[in-house]
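Down below is the structure, laid out as structure tokens.
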Amino acid sequence: MGLEDFFVKPKNFFAGVQVDFKDSDYVVLGFPFDLTSTYRFGSKKAPEAVREASLNIETYSFRSGLSVEDLKIHDVGNLQILEDFNKNFLNLREAVSKIFGLGKFPVVLGGEHTLTYSVVEALPKNFGLISFDAHLDLRDEYLGRRFSHTTFMRRLIEKIGGEKVFFVGTRAVCIEELEYAKKEKIGFLTSLKIKNQTTKKTLKTIKDFTSTFSGVYLTVDMDVLDPAYAPAASNPEPEGLNPNLLINLISNLAENSNLTGLDIVEFSPDYDSGITAILAAKIVFETLCSKEKRRKTKP
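Letter 268 of the sequence shown, counting from 1, is numbered 264 in the numbering used here, and no numbers are missing.
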């Protein structure tokens, strides 16, 4: 199957930029899936909400000195969601494998966080995963499911090992997850610790993790932000990060490590008037511009 066979063409292209796929460096794809969601439903609507928001905010990045409009982006659309639960994840993995195989940078718009499991399965072996998330998602089972948005990270760590994963912004966990994280030597920075130390120290901790890998994949759950800034987060938790700090951390990561891909997940657009979608689009803009700055300056 060709890549186009997996997707439904979007109504709006991300950021209004659409170069030919063969010429692209960055490939945007949506995974409008929320079948294991709990509490707030509707994250399947988020990919289109982010695309719409991306058309209505300015594209220039003062951090990088670049504009998203100057990047070679191709938006393939949303993955066709099938009745076969498992097939959706297999199709996502195959599609992302093709994108990675062509040396392109995937930007996956969720949808719920389970998508990260399939994307990471498609990554090369020597990589690290950084998860900006209020939660660890390390439960063994939740509401009778062993694979869901609350357990997927445990399933993933069972496959790749805890030493390849690092969490930033943690503040909502259960005892079971803390015990598992300790047992598997999984690193995390709580939002409380981040706020009580300098940004320089936080960046050093992240750099120490990324320096051991040839590539890094980034997943951003919108609930890493405080609900005051991301009111449509699917599972909001108080005492989150503010947008300036989050984007500064991510931009630094994108500019100073070999970032190989990005996903933005877990918000339900019906719970606000577009604020969270705008912020999600902004995070993608700044990440890609910082990544592009690295591409232009590194040999």
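We put the beta carbon where it would ideally sit given N, CA and C, even for glycine.
Burial state of Asp129 is buried, judged by a 10 Å Cβ sphere holding 16 or more other Cβ atoms. The C-alpha of Ser63 is placed about 31 Å away from the C-alpha of Tyr113. When beta bridges are read from the DSSP output, Ser264 appears opposite no residue.
Where Asp71 is concerned, there is no enclosing alpha helix (DSSP H), although the beta strand (DSSP E) around it starts and stops at Ile69 to Leu75.
When Glu251, Ile53 and Arg141 are compared, the shortest CA-CA separation from Thr110 is found for Arg141. Glu154 is classed as exposed because its beta carbon has fewer than 16 other beta carbons within 10 Å across all chains shown. By the C-beta density criterion, Ile279 is buried, having at least 16 other C-beta atoms within 10 angstroms. Tyr225 is positioned such that its CB atom lies no closer than 8 Å to that of Arg36.
Around the Cβ of Glu108, a 10 Å sphere holds 16 or more other Cβ atoms; the residue is buried.
For Thr198, the number of other beta carbons within 10 angstroms of its own is at least 16, and it is reported as buried. In the DSSP secondary-structure assignment, Tyr56 is bridged to Ser63.
In the assembly as shown, Phe58 is an exposed residue. Its beta-carbon has fewer than 16 other beta-carbons within 10 Å.
With contacts defined by Cβ atoms closer than 8 Å, Pro28 and Ile77 form a contacting pair.
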